[in-house]
Structure formats: C-alpha cells, structure tokens
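Written below as structure tokens is the structure these notes are about.
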Amino acid sequence: MNRQAANADAEHLRQEFLAHLANERRLSTHTTLNYGRDIAALLEFSGNTPLAQLQIHQIRRFVAQLHSRGLDGRSLARMLSAWRGFYRYLARDHGYPNNPCIGIRAPKAKKSLPEALSPDEAARLMAIPDGDVLAIRDKAIFELFYSSGLRLSELTGLAPTDVNFADATVVVTGKGSKTRIVPVGSHAVRAVKDWLKKRGTLTKADGGNALFVNRNGARLGPRAIQYRMKSWALKLGLDRNLFPHKLRHSFASHVLQSSGDLRAVQEMLGHASISTTQVYTHLDFQYLAKVYDAAHPRARKKR
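Quick note, the sequence shown lines up with residues 266 to 568 if you use the working numbering.
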C-alpha cells in the first residue's frame with residue numbers, strides 16, 4: 266500500500282471511530298472534536314508507518330516530541346487516553362493485534378487549584394441592577410451557575426421544562442449524556458422566574474426549546490455567555506478574569522466550606538469519581554489558612 270492509500274485508510278478509520286463516539290457512546294460534540302484532533306496528531310506523527318505497525322517506542326517518541334514543543338502533562342495525558350481508546354476500537358472492530366499506547370505515561374502535570382470567588386465577590390456579581398431584558402437574562406444565568414454548580418455546556422443545553430419550580434430543582438444533562446437533578450437556590454428560582462416573564466419578547470411564538478436565548482430568539486451559545494460575564498465583571502468592579510467555570514468552582518468550595526459533605530458536592534457537580542471533587546478540600550484548606558494567617562498572633566506572615 267502506497268503512502269497516499271495508507272493515509273486515506275487511516276483517515277477513514279479515524280472518521281469511523283469519531284462516528285462510534287458520537288453515535289454509540291453518545292459523547293458530546295465538543296468531546297468528539299477533541300478526540301478527532303488528538304487522533305489527527307497521531308496520524309501526522311505516524312507518517313508512512315501504518316497504524317497496525319506502530320510500536321511502543323515510536324509512541325514514546327511522539328510524546329517526547331510533543332512535550333518538547335511545550336505541551337503540558339495534562340494535555341499529553343488526554344492525548345494518550347484518546348490514542349488508547351482509538352486502538353481499543355481498532356482491536357475490537359478491525360482486528361488490530363496490539364495497542365502500542367498501553368503502559369505509556371505522560372509527564373506529570375503541575376497541579377493547580379481551581380480559582381474561586383469569595384462569597385462577597387459572588388454576591389457582587391449577582392447584584393446586576395434591574396434593566397433591560399438581557400440584564401434580567403444574565404442575572405438568571407449567573408444565579409443558576411452559582412446556585413447549582415453547572416458546567417457551561419449544561420447550562421446552555423437547558424430547556425424551560427428542565428426547571429421544576431415546585432421542587433426548586435433543575436434536571437441537568439452532563440457528560441456522557443448522564444442526567445442528574447440539582448437543587449436550585451431561592452435567589453436563582455426568583456431570577457429564572459423573572460427571566461421567563463421576559464423571555465417571550467425574544468423568542469418566536471412557539472417559545473423554542475432553549476431556556477436562555479439571544480436577541481434573535483436562538484439558543485444562547487457558550488461564547489456569548491463568557492463575553493457577557495466578563496463584561497458584567499468589569500461593570501461591577503470585579504477585577505478578575507471571570508469565566509463561567511469559576512462560578513462552578515465557587516459553588517463547590519462555598520458548599521464544602523459550609524457543609525463539609527464531599528459526597529454531596531460530588532453528586533451535585535456530577536463527578537464520576539470523588540477523587541475529582543477532592544481538589545476542593547485543598548481549596549477549602551487554602552481559605553482556612555488565609556483566615557488563620559490573618560487572625561492568629563503566631564501565624565506566619567507568608568504562606
């Protein structure tokens with residue numbers, strides 16, 4: 266098989282795998298696109314070598330080259346995970362004899378704690394003054410983010426029927442199309458009700474299926490929410506680089522500080538493993554350490 270034919274065959278396998286992820290495993294479009302980019306990098310590195318003939322030492326060399334280009338350990342770990350999954354699919358559906366990615370570890374990533382707003386800063390962000398319909402919408406978005414700890418993709422995917430005002434809950438579709446029910450605080454309930462009274466001025470007669478819409482009545486996209494949040498942060502005097510996931514971090518850390526119930530926070534965030542949620546225990550310790558340093562006469566000046 267010449268190089269052109271080999272490349273075409275490898276690309277065909279890549280497309281088949283992406284279809285498998287989207288249709289059988291029902292992964293999100295965003296996740297599937299990430300897999301596609303990672304596997305495209307593998308095909309680029311493999312060059313003239315057919316996928317079935319790649320060896321473990323070649324995969325190690327690919328990882329080393331990517332690391333030398335500045336790719337961090339977390340990105341490399343994600344890429345290796347995609348490659349391993351691709352080869353598992355090739356073994357299952359195309360009879361590939363081995364998986365050259367097994368046993369290879371990415372360089373350790375530098376651990377960084379998620380940033381969170383203080384309770385006072387979160388309250389300032391929620392203090393959007395009454396104004397036009399978009400201000401009412403934005404207040405409902407921010408309140409729901411902070412009240413329920415949603416991911417950005419989860420919030421943009423909500424329909425009006427997902428919010429149950431009687432129970433003060435919202436049905437969320439998270440990663441892997443898994444659904445969970447999350448509590449909604451009283452401030453968020455009130456803000457969403459206020460928004461729904463105005464939503465009809467932007468939507469068509471049928472109301473559409475999106476809880477949050479733009480000026481044209483179409484579903485509000487992630488980038489628009491990110492832009493609006495940064496804009497409001499500046500207007501309200503929050504000199505932080507604010508983004509939606511920071512409100513999710515703030516929700517988790519503030520609930521954990523108040524309750525100490527790590528398992529409950531895990532369930533509300535929709536984490537598959539509690540080890541993912543445990544990062545907030547370190548964030549909680551950081552907060553306690555600041556309180557100690559400020560209050561204790563024998564505390565160290567710098568931590």
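For glycine and all other residues, C-beta sits at the position ideal for the given N, C-alpha and C.
Assuming residue i contacts residue j under a Cβ cut-off of 8 Å, what Cβ separation, rounded to an integer in Å, is found between them?
| i | j | result |
| --- | --- | --- |
| glycine 441 | arginine 291 | 7 Å |
| proline 509 | phenylalanine 430 | Actually they are not in contact, since the Cβ atoms of proline 509 and phenylalanine 430 sit about 23 Å apart, beyond 8 Å. |
Just tell me which of the options has its CA closest to the CA of residue i.
| i | options | result |
| --- | --- | --- |
| leucine 399 | Leu417, Trp348, His519 and Gly482 | Gly482 |
| lysine 458 | Gly439, Thr468 and Pro425 | Pro425 |
| leucine 512 | Gln491, Gly312, Val454 and Ile304 | Gln491 |
| alanine 275 | Glu309, Asn288 and Ala347 | Glu309 |
| isoleucine 369 | Ser413, Ala329, Asp385 and Val449 | Ala329 |
| leucine 355 | Met344, Ser333, Phe327 and Leu316 | Leu316 |
| arginine 302 | Gly450, Trp497, Phe407 and Met344 | Met344 |
| alanine 392 | Gly338, Trp460 and His452 | His452 |
| valine 428 | Tyr300, Ala387 and Val454 | Val454 |
| glutamate 386 | Leu298, Pro362 and Glu408 | Glu408 |
| leucine 278 | Lys495, Gly360 and Gly465 | Gly360 |
| tyrosine 352 | His322, Gln318, Ser496 and Asp395 | Gln318 |
| arginine 480 | Glu289, Arg464 and Lys500 | Arg464 |
| glycine 312 | Ala273, Leu283, Arg339 and Ala489 | Ala273 |
| lysine 500 | Val530, Arg488 and Pro394 | Pro394 |
| glutamate 265 | Arg339, His322 and Asp358 | The structure shown does not extend to residue 265, since the chain is modelled only from 266 through 568, so no value can be given for it. |
Which residues in the same chain as residue i place their Cβ atom closer than 8 Å to its Cβ, once the five residues preceding and following it in sequence are excluded?
| i | result |
| --- | --- |
| isoleucine 446 | Thr434, Val435, Val436 and Val437 |
| alanine 287 | Thr294 and Thr297 |
| asparagine 299 | Arg343 and Ala347 |
| proline 362 | Ala317 and Ala356 |
| alanine 489 | Asn479 |
| glycine 439 | Arg416, Glu419, Arg445 and Gly535 |
Mind checking if residue i is an interface residue toward chain D, Cβ cutoff 8 Å exclusive?
| i | result |
| --- | --- |
| glutamine 330 | No chain D is present in this structure, which holds just one protein chain. |
Secondary structure at residue i, three-state DSSP: helix, strand or coil?
| i | result |
| --- | --- |
| isoleucine 324 | helix |
| valine 449 | coil |
| asparagine 299 | helix |
| arginine 484 | strand |
| threonine 426 | helix |
| threonine 438 | strand |
| threonine 314 | coil |
| threonine 468 | coil |
| histidine 277 | helix |
Does the distance from the CB of residue i to the CB of residue j come in under 8 Å?
| i | j | result |
| --- | --- | --- |
| alanine 405 | alanine 456 | yes |
| proline 448 | serine 418 | no |
| isoleucine 304 | cysteine 366 | no |
| histidine 519 | proline 384 | yes |
| proline 372 | leucine 423 | no |
| alanine 498 | leucine 507 | yes |
| glycine 535 | lysine 443 | yes |
| leucine 485 | leucine 390 | no |
| leucine 420 | serine 515 | no |
| arginine 402 | tryptophan 460 | yes |
Grab me the residues of residue i's own chain with a C-beta within less than 6 Å of its C-beta, minus the 5 sequence neighbours each way, in chain order.
| i | result |
| --- | --- |
| leucine 467 | Val478 and Gly482 |
| phenylalanine 327 | Phe310 |
| methionine 533 | Gly414 and Val447 |
| threonine 296 | none |
| leucine 307 | Trp348 |
| glycine 450 | Ser412 |
| glycine 335 | none |
For residue i, which residues from the same chain have a beta carbon less than 7 Å from its beta carbon, with the 5 sequence-adjacent residues on both sides left out?
| i | result |
| --- | --- |
| glutamine 320 | Pro365 |
| alanine 470 | Reliability fails at alanine 470, whose pLDDT of 45 lies under 50, so the model's placement of it is uncertain and no value is given. |
| glutamate 380 | Lys511 and His514 |
| lysine 462 | none |
| histidine 332 | Leu341 and Pro372 |
| glutamate 289 | none |
| leucine 283 | Thr297, Tyr300 and Gly301 |
| arginine 493 | Asp403 |
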